[in-house]
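S.K.: Chains as they are written, first to last, in the working numbering: chain A, 1103 to 1405; chain B, 3 to 239.
Yeah, the Cβ is synthetic: ideal placement off N, Cα and C, and Gly gets one too.
Since this is a predicted model, take the numbers as computed values, not measurements.
Quick one: this structure, given as structure tokens, is what I'll be asking you about.
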Amino acid sequence: MNSFLTAFFAGTSQGAIYALVSLGLVLVWRGAGVVNFAQMGQAMFTTYIASQLIQNEYSYWSAFVIALISGALLGALVDLGIMRPLSSRKNSLLLNSQSMRTTIPVIASLGILGVLKALAGIFWAGEERGFPAPVPTTGLRLGNTDLAITGFDLFVIGVVFLTLVLTTIFFTRTGMGLAMRASALNPEVTRLSGIRVGSVRTLSWAISGTASSLAGLLVTPKTNLSPNTLDLLLIVGFTAAVVGGLTSLAGSVLGGFILGYVIAFVNVYSAPENVFLAILIFLLLALFLRPQGILGSKEVRRV
Amino acid sequence: MLKVSNLVTEFASIKALNDISFQAKPGRITTVIGANGAGKSTLLRTISGLERPTSGSITWFDEELTDKSVEAIVRSGVAQVPEGHAVISQLSVAENIELGGLFRKRQARGDLEIATKDVYELFPILFERRREPAGSLSGGERQMLAISRALVARPKLLLLDEPSLGLAPLISAQIISIVDELCKSTGLTVLLVEQNANTALAVADHGILLALGKVVADLPAKELIADSALRAAYLGY
Chain A
1103 MNSFLTAFFA GTSQGAIYAL VSLGLVLVWR GAGVVNFAQM GQAMFTTYIA
1153 SQLIQNEYSY WSAFVIALIS GALLGALVDL GIMRPLSSRK NSLLLNSQSM
1203 RTTIPVIASL GILGVLKALA GIFWAGEERG FPAPVPTTGL RLGNTDLAIT
1253 GFDLFVIGVV FLTLVLTTIF FTRTGMGLAM RASALNPEVT RLSGIRVGSV
1303 RTLSWAISGT ASSLAGLLVT PKTNLSPNTL DLLLIVGFTA AVVGGLTSLA
1353 GSVLGGFILG YVIAFVNVYS APENVFLAIL IFLLLALFLR PQGILGSKEV
1403 RRV
Chain B
3 MLKVSNLVTE FASIKALNDI SFQAKPGRIT TVIGANGAGK STLLRTISGL
53 ERPTSGSITW FDEELTDKSV EAIVRSGVAQ VPEGHAVISQ LSVAENIELG
103 GLFRKRQARG DLEIATKDVY ELFPILFERR REPAGSLSGG ERQMLAISRA
153 LVARPKLLLL DEPSLGLAPL ISAQIISIVD ELCKSTGLTV LLVEQNANTA
203 LAVADHGILL ALGKVVADLP AKELIADSAL RAAYLGY
């Protein structure tokens, strides 16, 4: 029973982080049609910024907030500085074919990932370092019993839950949220409604940048921070996004939690070295059984 | 008034619009007819900014529309209802209507509420079904929704691209007569593109016949209806 609870709580808190990564990927995929391989590079970079600030005696919370804001700015910068100029180059026949249109941004995102890793190496020497947690990472005790959950796990679950609630309110209750859903579903009708689709797209890059920056801040107290730490997180997050249907925000979050449980249970009941095999098997099963994703069907696509 | 002068729009060196000039009178319906491929949709898409003209100009009263972005053109009072009952089927009916007025939510919240009430009064069926996804509507209701989305922006000029496409004659006649009433009661200017010429010309002030990207006739609508030789030559009936 105790190992079950251990796996369950670890799965929930890890799944919450995967959900954030997956949400970030789906936001940019829906909003801009790009699979952003640089996403966790952006998160790594902003986590380094937070780490630097904490070293310079800033409080954890001010570093936390500044990292999130830099995540948003970095996301917007990637769109405005690289993706938008790439997509508006109309005079080349090569760039105009449909397959190149979808491939070029993906290659560009890999390039951005490389640049961010190199910059992190230059600025912070690329050595692995710890990243602090705002609450204890030791197991909680209730009376004389050890609980299978740490204070930091609760913190992660709470922060992600709050983020998801705010995101849901933003998408379903605000005009800007409606504009974002509409531009993802039908850019032409949205433009004909007078909405600046380009700005909406930049906004989805910014929100995605914030979500992945948050994921970086929440995962590094357990994994430490180096230019390559977050690469695995991208793979798991991408799997979660595909399992969730790639176009559904709710599906991406669900996919994140499911993957969290799969990984945690394999870790506890099998062995850590089987985790990647399990992810692969799970992805293949999901693609065979529900290629459109858990929530990828048309009716439930609305957030 | 809408003034189109010497408009040329090319797709990979094929001239979809070849030196088009005409004017549409304010507060009236101007109907553009022509066979498939005559350039009717391209004309509307060029006016609304979705296609860029190679040369020529489009002006709406004193405003030059030619090089403006789609969003800017909508914001200056020109709304297009694109071909094929273009609504966003995954969004609810109410969300589709809200989308049309979103850009002026901050400056004109009060008027937006009135405009929304107006379109629900114009098409009561949409009010009944406001919470349902637009994809569940019938073709006629979807066309009503597409028109409503454009109307909540309070346009001065409405560009309608084949509103009767795929609809039963009775329903398309009903939609066209509602547009006609709207023109008379609010002074809206309409540029209506149709393949189905008779109903569309019956409510129009002016008719323009397009063939292979050129204007072949620009006449009062009544004369265009009566000219059977012209119709036989260009429309085949």
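So, is Pro-222/B buried or exposed, given that buried needs 16 or more other C-beta atoms within 10 angstroms?
M.R.: Exposed.
S.K.: Going along the chain, which residues of its own chain have a beta-carbon closer than 6 Å to the beta-carbon of Ala-81/B, five neighbours each way excluded?
M.R.: Hits under 6 Å: Ala-152, Ala-155, Pro-157 and Leu-160.
S.K.: Determine, using beta carbons only, whether Ser-1153/A and Phe-1233/A come nearer to each other than 7 Å.
M.R.: Closer than 7 Å, so yes.
S.K.: Checking contacts by CB at 7 Å: is Arg-77/B closer than that to chain A?
M.R.: Interface residue, yes.
S.K.: In its own chain, which residues sit with a C-beta less than 6 Å from the C-beta of Leu-162/B, not counting the 5 before and 5 after it?
M.R.: For Leu-162/B, where only same-chain residues beyond five positions count, the Cβ hits under 6 Å are Val-83 and Leu-194.
S.K.: In whole angstroms, give me the CA-to-CA distance for Thr-1331/A and Leu-1320/A.
M.R.: Whole-angstrom Cα-Cα distance: 13 Å.
S.K.: Closest Cβ-Cβ distance between Leu-101/B and chain A: below 7 Å?
M.R.: Yes, because at least one Cβ of chain A sits closer than 7 Å to the Cβ of Leu-101/B.
S.K.: Taking the alpha carbon of Lys-119/B as the reference point, which residue from Leu-211/B, Ser-166/B, Ala-136/B and Ile-99/B has its own alpha carbon closest?
M.R.: Answer by Cα proximity: Ile-99/B.
S.K.: What whole-angstrom Cβ distance do Ile-1151/A and Ile-1168/A have, given they're in contact under 8 Å?
M.R.: Their Cβ separation, rounded to whole angstroms, is 7 Å, which keeps Ile-1151/A and Ile-1168/A in contact under 8 Å.
S.K.: My assumption, with CB atoms under 8 Å, is that Ser-1310/A sits in contact with Val-1137/A. Please give the rounded CB distance.
M.R.: Not quite, the Cβ-Cβ distance comes to about 12 Å (not below 8 Å), so this is no contact.
S.K.: From Leu-258/B to Ala-1165/A, what distance separates their C-alpha atoms?
M.R.: Here chain B comprises residues numbered 3 to 239, so residue 258/B is not present and cannot be evaluated.
S.K.: Compare the C-beta of Asn-1138/A with all C-beta atoms of chain B and state if any pair is closer than 7 Å.
M.R.: By this cut-off, Asn-1138/A is not an interface position.
S.K.: Out of Gly-1300/A, Gly-1133/A, Ala-1250/A and Phe-1273/A, which one is the CA nearest neighbour of Ser-1190/A?
M.R.: Nearest C-alpha to Ser-1190/A: Gly-1300/A.
S.K.: Please list the residues of the segment 106-126 of chain B that have a C-beta atom closer than 8 Å to any C-beta atom in chain A, keeping them in chain order.
M.R.: Residues Arg-106 and Lys-107.
S.K.: For Glu-1401/A, does the three-state DSSP call read helix, strand or coil?
M.R.: Its pLDDT being 44, under 50, Glu-1401/A is placed unreliably by the model, and nothing is read from it.
S.K.: Report the CB separation of Gly-189/B from Gly-79/B in whole angstroms; it is logged as a contact under 8 Å.
M.R.: Contact doesn't hold; Cβ gap of about 12 Å is too wide.
S.K.: By the criterion of Cβ-Cβ separation under 9 Å, what are the contact partners of Arg-151/B in chain A?
M.R.: The contacting residues are Val-1291, Leu-1294 and Ser-1295.
S.K.: With 7 Å set as the bound, which would you pick, yes or no: does the beta-carbon of Ala-1352/A sit closer than that to a beta-carbon of chain E?
M.R.: In the structure shown, chain E cannot be found, because the protein chains are A and B.
S.K.: Tell me which residues of the segment 170-201 of chain B have at least one Cβ-Cβ distance to chain A shorter than 9 Å, keeping chain order.
M.R.: Here the close residues number zero.
S.K.: Which class does Gln-1394/A belong to by DSSP, given the choice of helix, strand or coil?
M.R.: Coil.
S.K.: Taking the runs of the beta strand (DSSP E) that are 3 residues or longer, which of them lie wholly in the segment 1139-1226 of chain A?
M.R.: Segments of the beta strand (DSSP E) lying fully in the segment 1139-1226 of chain A: there are none.
S.K.: Mapping the DSSP letters down to three states, classify Leu-9/B as helix, strand or coil.
M.R.: Of the three classes helix, strand and coil, the one that applies to Leu-9/B here is strand, per DSSP.
S.K.: With a Cβ-Cβ cutoff of 7 Å, do His-87/B and Arg-144/B count as a contact?
M.R.: Closer than 7 Å, so yes.
S.K.: Do you know offhand how far Ile-1365/A's Cα is from Leu-1212/A's?
M.R.: Answer to the nearest angstrom: the Cα atoms are 26 Å apart.
S.K.: Cβ of Gly-1126/A within 7 Å of Cβ of Gln-1141/A?
M.R.: Closer than 7 Å, so yes.
S.K.: Are the beta-carbon atoms belonging to Leu-1215/A and Gly-1143/A less than 7 Å from one another?
M.R.: Taking 7 Å as the Cβ cut-off, Leu-1215/A and Gly-1143/A qualify as a contacting pair.
S.K.: Measure from the C-beta of Gln-92/B to each C-beta in chain A and report whether the shortest distance is under 7 Å.
M.R.: Yes - at least one Cβ of chain A is within 7 Å of the one on Gln-92/B.
S.K.: Tell me whether Pro-222/B sits in a helix, a strand or coil according to DSSP, three-state version.
M.R.: In this structure, Pro-222/B counts as strand in the three-state DSSP scheme.
S.K.: Since Arg-1243/A sits in a beta bridge, which residues does DSSP pair it with?
M.R.: Its beta-bridge partners are Asp-1248/A.
S.K.: For Ala-223/B, go through chain A and note every residue whose CB falls closer than 8 Å to its CB, in chain order.
M.R.: Going along chain A, no residue has its Cβ under 8 Å from Ala-223/B, so there is no contact; the nearest lies around 27 Å.
S.K.: Taking Ile-200/B as part of the alpha helix (DSSP H), name the residues at either end of that continuous run.
M.R.: A small fix is needed here, since residue 200/B is Asn in this sequence, not Ile. Residues 199-204.
S.K.: Report yes if the CB atom of Leu-167/B is closer than 7 Å to the CB atom of Lys-42/B, and no otherwise.
M.R.: Not in contact: Leu-167/B and Lys-42/B (Cβ atoms no closer than 7 Å).
S.K.: Please check the pair Gly-1395/A and Tyr-1120/A, which I expect to be a contact at CB under 8 Å, by giving their CB distance rounded to whole angstroms.
M.R.: Gly-1395/A to Tyr-1120/A, Cβ: 15 Å. No contact.
S.K.: With DSSP collapsed to three states, give me the class of Arg-111/B.
M.R.: The answer is helix: DSSP assigns Arg-111/B an H, G or I state.
S.K.: Going by the beta-carbon positions, is the gap between Val-95/B and Leu-169/B smaller than 7 Å?
M.R.: Not in contact: Val-95/B and Leu-169/B (Cβ atoms no closer than 7 Å).
S.K.: Shorter than 7 Å from the beta carbon of Gln-82/B to some beta carbon of chain A?
M.R.: It does; some Cβ of chain A falls within 7 Å.
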